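Protein chains in written order, with our numbering: chain D, 1023 to 1648; chain G, 1023 to 1648. Every residue gets a Cβ at the ideal spot worked out from N, C-alpha and C, and that includes glycine. If you're wondering where the values come from, they're calculated on a predicted model, not measured in any experiment. Structure first, commentary second.
There are 2 protein chains.
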Amino acid sequence: MGNCLNPPVPAVKFIKIYPKMSNKPVIGLLGGGQLGRMLCEAAGPLGITVAILDEENSPAKQANHNPLHITGSFKDPEKIKQLAAKCDVLTVEIEHVETGILEEIATKGVEVPSPDGNSTVLKKVPVHPSWKTIRLIQDKYQQKEYFAKQGIPVAEQVAIAEGSERLSSLRAVGDKFGYPFMLKGAKGSYDGRGNYKIDGPADLETASKQMGDQPLYAEKWVPFEMELAVMVMRTEDDDGNFKAVHPYPVVETIHEDSICTKVFYPPRKVSDGIKKEAQKIASDVIASLWGRGVFAVEMFLTKDDRILVNEVAPRPHNSGHYTIEAVPQMSQYKAQLYSILDMVPSKGICLRPRVPSAIMLNILGGAKGESHDRFVKLAESSSDEFADIYVHLYGKVSKTSRKIGHITATGFSSVDQLANTVSPLIQCMDEIRLERIGSSESAPKPAVSPPPQTPLVAVTMGSDSDMGVMSAGIKILEEFAVPYVVRITSAHRTPHLMMRFAAEMSASTCKVIIAGAGGAAHLPGMLASETHLPVIGVPVKASQLDGLDSLLSIVQMPRGIPCATMGINNSTNAALEAIRILGVAYPEYSERMKAYQAKMADEVYAKDEKLGEIGWARYLEGMQKK
Amino acid sequence: MGNCLNPPVPAVKFIKIYPKMSNKPVIGLLGGGQLGRMLCEAAGPLGITVAILDEENSPAKQANHNPLHITGSFKDPEKIKQLAAKCDVLTVEIEHVETGILEEIATKGVEVPSPDGNSTVLKKVPVHPSWKTIRLIQDKYQQKEYFAKQGIPVAEQVAIAEGSERLSSLRAVGDKFGYPFMLKGAKGSYDGRGNYKIDGPADLETASKQMGDQPLYAEKWVPFEMELAVMVMRTEDDDGNFKAVHPYPVVETIHEDSICTKVFYPPRKVSDGIKKEAQKIASDVIASLWGRGVFAVEMFLTKDDRILVNEVAPRPHNSGHYTIEAVPQMSQYKAQLYSILDMVPSKGICLRPRVPSAIMLNILGGAKGESHDRFVKLAESSSDEFADIYVHLYGKVSKTSRKIGHITATGFSSVDQLANTVSPLIQCMDEIRLERIGSSESAPKPAVSPPPQTPLVAVTMGSDSDMGVMSAGIKILEEFAVPYVVRITSAHRTPHLMMRFAAEMSASTCKVIIAGAGGAAHLPGMLASETHLPVIGVPVKASQLDGLDSLLSIVQMPRGIPCATMGINNSTNAALEAIRILGVAYPEYSERMKAYQAKMADEVYAKDEKLGEIGWARYLEGMQKK
């Protein structure tokens, strides 16, 4: 999808008038809050100069000092022009800015001294993302009308009449959509603020009053399963021609009290199909806009598995904070810089996370100025074999519900496992929230209920009569502290259960399946056919043929579908093989295997020594006594 | 090892006189160069205030702005006192500071206004690492004399007499040590500067003149294999009692033109035993010093595998830059903060890298101000499936040989593989060096010669007569783009070669071994006994018993040593099993396996469809024609 409907204003080439340290263009940033601060943290090591327009000592200015900063409000047109005069490109960390002045700067230019110093000339400064995108996004109703026209799925919506007709307009919406429906302010709100849920006709008058004079629209109630978000990087050439969109993976976002508080990567219990669809829709949304940069696309996943776009933020976003540690090679802040300065290499970039899971928890100001301190302290002192915890404070004074920092946890296994690991942090955060909202209840269960320990190995057998043989292997797994699950799934008696089990394990944290079976022993091979995971087969000796029937049934798989076969009844070796395989990914299991092998050797050395000491006859005697 | 010889001066508790944003102690930093800058980059997100004493616009001040900074020289005693008055603890980013004033501040105190504002009181400010450590380290000769007394291995050294006796003293050293030997200035030099190699008696007079009036010492020539370095974190309680040392892994450092230019983690071709010994020696060295912080221990590994301590830096160090990305949960800068502020959790910290390999390359100023630009640009535009590249610029104006930045590459496989991946960067760096040192030669081979592609899978067989069977599996490995190696190692004809092969593969990047054998097929099982890696056995059908002899020889391993056995002659499945196992660690192989399975299914669907179209009789006819 291109930007065919609204041809972009061609951007001028960067004009360099002010001298600077680096050979890279100077970025002018409207707003110096936490998003600007983290942008500066990414810009510093890259040698990119960012000139900030905001108050003295704003969060971004604490982390980036240079002589180009301007003190003042990012809403002040004169200051914006002063900033533009010093910079090669302008960007924003907040969409609530005056787009008229940005349009003027991009299309007409700002006055700068002429090269001879005797007069002034007009310098056009590109604005990224485009002022057109910012203007569209400022009106949430128009934004979604535009997306709907592009064929992007959004919730059904209706503009509410203003003035004396407002109440009748609202009643008409209630008749059309039914109750409940959402009443929203079209402008100036974010993080779900400025929204009103209308439960019935009785709410209409109160809601109308509370929302005040602003333009309103109504949205059909969306019974959603969860909220999703995708960050998308958009690139353009210098002439404003669309180049590409690059989506990050989809995340699950949790909102409490109308504020985003928690982000989970990957989303929990969402199919690969839905994840891909969310990335596709988000890419389409951002391709339909104008300018360079990273954008957040917030979406609802409905209970019937539809995805509806809720809104877009034309900037780095709370839902992308986790990328600082999870996608360190190209965090959303680095992506913003690479996009705006057109630094994306022609062979593309990799936005794949370097960890399997991440959770972001916002640090919000609590009931008292120091309420959040214990949350920060807990995070600072957290260390875990299976997770890393990172604290980000923004240099802001705490106020109730203010975003003053965030914590990111990265995990080496599944997101459920990680949620389990960080549950003390979540519990602490939830307690601070309860204090803040003035509740006297005791803290509820953590929002994320700790799941059972997620397995790395699944052990299954065709019948409980195999349990005696398989238990030796299970004991080995316990000895090596391998998280495992045990199931009975018969290939012949419960073929559907067996197939569902294979699919579940393939999609889980499980890395290896051990399957034992006897006679016409089809279970290991059938599981191998249904999963991409390595399957280890244990031939269990049945009533005939001394187990050779079981062995040949398991080992003689056709070309294409391997099954790693062990000796007859040797579940011990199956478990040891599983541990060797885990060692490929987890060095600690390799270390334990080396120690186990060394111990086995020591035992033989000791026996040999004893044999040398007492001679073979007494040794045999000793053995016979046992 | 404690600090029994020189009991530390008890540190006073933090005294808070100046108000500040965060509830954490304020750190005063002498020096605002790149080490200070990276310290500030770590301090910002943790909400730690760092007050810097250095010139305006020094690298650290660009990345950290607050009202506590002081403009001036970190060697100016008055300015140091001003800084101390504002801070809760002092630290240094360079060891060439006046320790007298630090001792005074730590033991007597600095004048600060009294609580009532009518007079002044003395405030003691802790200095970390201790001024005693800094003082000892400033004299490289005394430093090593001290280490030698602690039982730490150092090169043999002799102090050179001063004044008119210097030349005769030098001649005596030549007689004692033989030639060549190293002549070194005891103070004020670092990065190997101020060193002179004396090749024979003829050099003595010139060397003596060139070294000037400074105190000198001579060091016996150490024919070293490579230079190693270990960063060590040291903790103490508030009373100056030693708590613990925490070593990072050992790295290999490369020096060119007496400047550290490249760092390799892990060191190439160094045994685990040497690595552990280096960590142990480095820990002993740092335990013998005083104060909190991170320290670098630089060492020589001699050609006969001895480790000699060269020198210590009492601060973050060039050899630890790689930890920013490789040990993100606790980089050397974060470790410096955690140590100085006593934030290390009682259950300990994890300093284990989160990637298997990393390479740090310094960006040095070249022949011209912009010489390094192409190196930076190449790094910025590098992206690779098996490596991430990070650029760090320090906000310094380029001067010839000045450290103006560094590049870190992190890899997902071995350090040799990573060196291969980043060889274009190394080539570029070496070219810029040749320009700088004024050479007219064309660029030499990269300092790191690209090794052969390091294997993930090793395929071996007992005899070349097995090659026909094994080749099918090798083709599958090629189809899946798996790096592999193929060897012939007979368990019976070349038992020692077979065992060496197993040991080599265990220590290499290899993750899985596939072994084929026939008859009394001992090779797979014997390899399994000699390695901790998963071994996949392929029974090759020999001249008797239709392969059942081979199968049973491989599959019926004793408990304790598993061998994953495939069907007779089925090397295809062995390769597919190896790829499933690689998928446990490398998701791309899982994806390829899923695609392969989907393709197999599609082929069967297509056949079934064709059968439905043309009927079984014509289908059979078509098959018979093939």
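Residue i vs residue j beta-carbon contact at 9 angstroms
i	j	result
Ser1423/D	Arg1458/D	yes
Thr1553/G	Asp1438/G	no
Ile1303/D	Ile1159/D	no
Met1492/D	Val1577/D	no
Ser1593/D	Ala1542/D	no
Val1479/G	Leu1604/G	yes
Pro1289/D	Lys1297/D	yes
Ala1240/G	Lys1206/G	yes
Met1352/G	Tyr1360/G	yes
Asp1110/G	Phe1096/G	no
Lys1209/D	Gln1232/D	no
Gly1055/D	Tyr1416/D	yes
Val1331/G	Glu1347/G	no
Met1255/D	Ile1070/D	no
Gly1050/D	Leu1112/D	yes
Partners in chain D for residue i, counting only beta-carbon separations shorter than 7 angstroms
i	result
Cys1372/G	Ser1405
Pro1271/G	In chain order: nothing, as chain D lies at least about 12 angstroms away.
Close Cβ partners of residue i (< 8 angstroms) along its chain, the five nearest in sequence each way excluded
i	result
Pro1245/D	Thr1324, Lys1325
Arg1374/D	Pro1271, Val1349
Lys1632/G	Tyr1641
Ile1329/D	Pro1175, Leu1250, Ile1296, Glu1299, Ala1300, Ile1303, Met1321, Phe1322, Leu1323
Chain-order list of residues whose beta-carbon lies under 7 angstroms from that of residue i (same chain, five-residue window excluded)
i	result
Ala1401/D	Ile1411, Val1413, Ile1429, Leu1447
Asp1221/D	Tyr1201, Pro1202
His1091/D	Ala1073, Ile1074, Lys1083
Leu1598/G	Ile1498
Residue i - partner residues in DSSP beta bridges
i	result
Glu1241/G	Gln1179/G, Met1204/G
Val1413/D	Ile1429/D
Glu1258/D	Phe1264/D
Arg1217/G	Here residue 1217/G turns out to be Asn, not Arg, going by the sequence shown. Note: Asn1217/G sits in a beta bridge opposite Lys1206/G.
Glu1274/D	Leu1250/D, Phe1286/D
Ile1281/D	Glu1278/D
Met1321/D	Leu1250/D, Val1331/D
Gly1540/D	Val1562/D
Gly1587/D	Looking at the sequence shown, residue 1587/D is not Gly but Thr. Paired residue(s): Gly1559/D, Thr1587/G.
Gly1050/D	Ala1073/D, Leu1112/D
Amino acids of chain G, ordered along the chain, whose beta-carbon sits closer than 7 angstroms to that of residue i
i	result
Leu1415/D	Pro1067, Leu1068, Gly1069
Ser1612/D	His1554
Ile1558/D	Ala1586
Lys1533/D	Val1606
Chain G contact residues for residue i, given Cβ-Cβ distances below 8 angstroms
i	result
Leu1549/D	Chain G residues near Leu1549/D: none, gap ~12 angstroms exceeds 8 angstroms.
Met1615/D	His1554
Met1579/D	Met1588, Gly1589, Asn1592, Asn1595
Neighbourhood of residue i by C-beta, 6 angstroms cutoff - its chain only, sequence neighbours within 5 removed
i	result
Ser1462/D	Caution is warranted here: a pLDDT of 37 is assigned to Ser1462/D, below 50, making its placement in the model unreliable, and the coordinate value is therefore given only provisionally. Once the five neighbours on either side are set aside, Ser1462/D has no close Cβ partner at all.
Lys1467/D	Low confidence applies to Lys1467/D: its pLDDT is 35, below 50, so where it sits in the model is not reliable, and the reading given next is rough at best. Hits under 6 angstroms: none found.
Met1253/G	Tyr1270, Val1316, Ala1318, Gly1342, Gln1354
Leu1545/D	Gly1484, Ala1513, Ala1537, Ala1539
Pro1474/G	Note that Pro1474/G scores 39 on pLDDT, short of 50, meaning its location in the model is unreliable; the coordinates nonetheless yield the value given after this. Answer for Pro1474/G: no residue qualifies.
Glu1227/D	none
Chain-ordered neighbours of residue i on chain D, where CB pairs are closer than 9 angstroms
i	result
Gly1582/G	Thr1594, Asn1595, Leu1598, Tyr1618, Gln1619, Met1622
Glu1115/G	None at all; the shortest Cβ gap to chain D is about 17 angstroms.
Contact list for residue i against chain D, beta-carbon separation under 8 angstroms
i	result
Asn1086/G	Gln1084, Ala1085, His1087
Asp1395/G	Asn1045
Between the segment 1106 to 1119 of chain D and the segment 1335 to 1346 of chain D, are three or more C-beta pairs nearer than 8 angstroms?
-> yes
Validate contact between the segment 1509 to 1518 of chain D and the segment 1478 to 1490 of chain D using beta carbons, cut 8 angstroms, 3 pairs = yes
Take every Cβ of the segment 1137 to 1153 of chain G, pair it with every Cβ of the segment 1161 to 1177 of chain G, and state whether three or more of those distances are shorter than 8 angstroms.
-> no
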